[in-house]
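Engineer:
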Amino acid sequence: MSEITLTEAPFEPKNSDVFTLSVTPVLGSNQELTRGIFDQIKASGIKALILTGYATGTVPDKLNPFIKETVERGVPVFVLSTNPADAKGPQRIKYESQEKVLEAGAKILSGVNVNNEEEVAKAVQEAIGEGKTGEELSQAITDRFGTPEI
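The sequence shown begins at 582 in our numbering and counts up one residue at a time.
(1) Assuming L661 contacts T633 (C-beta within less than 8 Å), just tell me the rounded distance between them.
(2) With a 10 Å radius around its C-beta and 16 neighbouring C-beta atoms as the bar for buried, classify G670 as buried or exposed.
(3) What's the C-alpha gap between K628 and V607?
(4) Could you give the residue range of the beta strand (DSSP E) that holds A629?
(5) Of all the beta strand (DSSP E) runs that stay within the bounds of the region 656-699, which reach a length of 3 or more residues?
(6) Are the CB atoms of S678 and G727 within a distance shorter than 8 Å?
(7) Using 10 angstroms around the beta-carbon of S719, count the other beta-carbons present and answer buried if the total reaches 16, otherwise exposed.
(8) Suppose you measure from the CA of T723 to the CA of P657; what does that come to, to the nearest Å?
(9) By DSSP's criteria, E730 is part of a beta bridge. Which residues make up the other side?
(10) Determine the contact status of N664 and N694, defining contact as a CB-CB distance below 8 Å.
(11) If you draw a straight line from the C-alpha of A624 to the C-alpha of T605, how long is it?
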């Protein structure tokens with residue numbers, strides 16, 4: 582397996598603590614690529630990960646083990662909807678794939694979507710600057726931006 586560096590991966594560092602990763606069909610279907618990216622994320626020492634998922638706030642099911650590993654390390658994972666026509670993210674959990682990403686430990690944000698990516702990254706960084714990490718960070722961000730009804 583060739584080594585993947587952060588500059589080659591399909592995500593953009595917002596700063597040293599927060600990364601945004603764009604979910605693509607290739608990311609979910611290519612386990613070698615996905616493992617390489619998540620290994621690089623792990624090695625980077627980030628404190629939060631923002632996934633820009635699909636329009637319904639979902640990600641490919643094959644990403645869920647990687648999300649679970651990340652959350653279990655104390656790194657919150659937030660999912661933004663990529664439906665730019667709507668001003669918000671999903672308001673209700675309607676699909677099995679949404680349930681599965683929640684079971685993996687990610688938080689789907691309902692009050693924002695991809696249009697608010699920078700705002701979310703800034704809010705996460707501010708909460709980290711206040712000393713919040715792990716579950717406390719996750720709670721602060723979900724309190725601010727909301728999560729869909731289950």
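Glycine included, every Cβ here is placed at the ideal spot set by N, Cα and C.
Structural biologist: According to the data block:
(1) Position 80 of the sequence shown, counted from the start, is the residue given in the question as residue 661. Position 52 of the sequence shown, counted from the start, is the residue given in the question as residue 633. Rounded, the Cβ-Cβ distance is 5 Å, consistent with contact.
(2) The residue you call residue 670 lines up with position 89 of the sequence shown. Classification for G670: buried.
(3) Position 47 of the sequence shown, counting from 1, holds the residue named residue 628. Position 26 of the sequence shown, counting from 1, holds the residue named residue 607. C-alpha separation (whole angstroms): 25 Å.
(4) Sequence index remark: in the sequence shown, residue 629 carries index 48 (1-based). Per DSSP, A629 belongs to the beta strand (DSSP E) from A629 to T633.
(5) 658-662 and 688-694
(6) By 1-based counting over the sequence shown, the position of residue 727 is 146. By 1-based counting over the sequence shown, the position of residue 678 is 97. Their beta carbons are not under 8 Å apart, which means G727 does not touch S678 by this criterion.
(7) Numbered from its first residue, the sequence shown carries residue 719 at position 138. It is buried - the Cβ of S719 has at least 16 other Cβ atoms within 10 Å.
(8) On the sequence shown, residue 723 is found 142 positions in, with the first residue counted as 1. On the sequence shown, residue 657 is found 76 positions in, with the first residue counted as 1. When rounded, the distance between both Cα atoms is 11 Å.
(9) Position 149 of the sequence shown holds residue 730. Paired residue(s): R673.
(10) Taking the first residue of the sequence shown as 1, we reach residue 664 at position 83. Taking the first residue of the sequence shown as 1, we reach residue 694 at position 113. Contact: yes.
(11) Reading the sequence shown from its first residue, position 43 is the one you call residue 624. Reading the sequence shown from its first residue, position 24 is the one you call residue 605. The alpha-carbon atoms of A624 and T605 are separated by roughly 22 Å.
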